[in-house]
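Here's the structure, in structure tokens; my notes come after.
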Amino acid sequence: MKLNERSLAFYATCDSPADNSGFLYKRGERHTAYHRRWFVLKGNMLFYFEERDSREPVGVIVLEGCNVELCDSAEGFAFAIRFGGTKSRTYVLAAESQAAMESWVKSLSRASFDYMRVVVRELEKQLQEMRSGLVGGCGGSLEPPGPWKPKPSELEQSRERLPALPAIPPKENGCAVWNNALGADRLPDASGCGGHDEEENPRPPPLPPRRRVSNGEAASARAIVESPSTFCRLHEKYSREVARLRQDWQQRQR
């Protein structure tokens, strides 16, 4: 696997967010002594520096095809990164606390693309199950949904259920003219009801008799119209009071 050192150094020290970072103790490959190093995890690459402010990393571990597991070591809170193969190297690291060790083991276990591939497959499987469940709940139809149409309101449904109304007779000067309707030239029914004629056309209802107004009722109506209303009396009373108060105020201003 070819790696460009300059590109790796830039990627390790750039401002891109890190998945995890902190101090860990790394056991040497030839000597079993542990050295304190600053580790930065970005994606599937684990960089380690001599100090936190170092400009370039000392090394990098590509976390592909490996397993992260706890191990027994003289240093407390130790874990190992093991790669498959007989000649592959095993990296032994140790954290400063139990919480830091658990955090690093979890982050390193999820850093590889193999893990991401498994997660994506599981999510796709769950999505497919959800889609099949929705299709089964809708009657098993696999056809794509048609264009959305609004449901008719209760008022429109009630209008559809109502029977058809008879035709409205024509109007003249705002009043219905029943003489223009069919069958209006015939005499009204003797029972006094509208009813229908021989051709099942609606007949106009008979006109009600006009009520004659007596002289006493007409005089009382004229008295009510001519007498001033309560509002007029109140308006006149309070207008005089307002005018008086305005006049007093003007005199005080002088």
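With the numbering used here, the residue at position 8 of the sequence shown is -1, and numbering never jumps.
Using N, Cα and C, we set each Cβ at its ideal position, and we do this for glycine too.
On a predicted model such as this, the values are computed, not experimentally measured, just so you know.
Run of the beta strand (DSSP E) containing LEU54, from where it starts to where it stops: Segment: none, LEU54 is in no beta strand (DSSP E) and carries neither H nor E.
Own chain, CB closer than 8 Å to ASP105, minus 5 neighbours either side, in chain order: GLU55, GLY56
Distance CB(GLU87)-CB(PHE30) smaller than 8 Å: no
Alpha-carbon to alpha-carbon, GLN242 and VAL216: Note on VAL216: pLDDT 49, under 50, position unreliable in the model; the coordinate value appears next. Distance between the alpha carbons of VAL216 and GLN242 is about 41 Å.
Host alpha helix (DSSP H) of ARG27 (start-end): Run containing ARG27: none in the alpha helix (DSSP H); it sits in the beta strand (DSSP E), 25 to 33.
Neighbourhood of ARG49 by C-beta distance below 8 Å, restricted to the same chain and skipping five residues each side: The sequence shown places Val at residue 49, rather than the Arg named in the question. Counting only Cβ-Cβ distances below 8 Å, and skipping sequence neighbours, we find ARG28, TYR39, PHE40, GLU41.
Host alpha helix (DSSP H) of ALA9 (start-end): ALA9 -> no alpha helix (DSSP H), and no H or E assigned at all.
In DSSP terms, what PHE38 is bridged to: VAL31, VAL51
Close-in-space but distant-in-sequence residues of the same chain around SER100 (CB under 6 Å, 5 per side omitted): VAL59
For ALA90, the three-state DSSP class (helix, strand or coil): helix
Alpha carbon of LYS33 to alpha carbon of GLN119, nearest angstrom: 31 Å
Contact between the region 88 to 96 and the region 68 to 79 (3+ Cβ pairs under 8 Å): yes
Integer Cβ distance of ILE52 from TYR25, believed to fall under 8 Å: Wrong, their Cβ atoms sit about 16 Å apart, outside the cutoff.
Segments assigned beta strand (DSSP E), at least 3 residues, entirely inside the region 68 to 118: 69 to 74, 81 to 85
SER123 versus ARG112 - alpha carbon distance: 16 Å
Other residues of its chain near ARG46: CB distance less than 7 Å, five sequence neighbours each side excluded: THR4
Which of helix, strand or coil DSSP assigns to ARG122: helix
DSSP three-state assignment for ARG237, whether helix, strand or coil: helix
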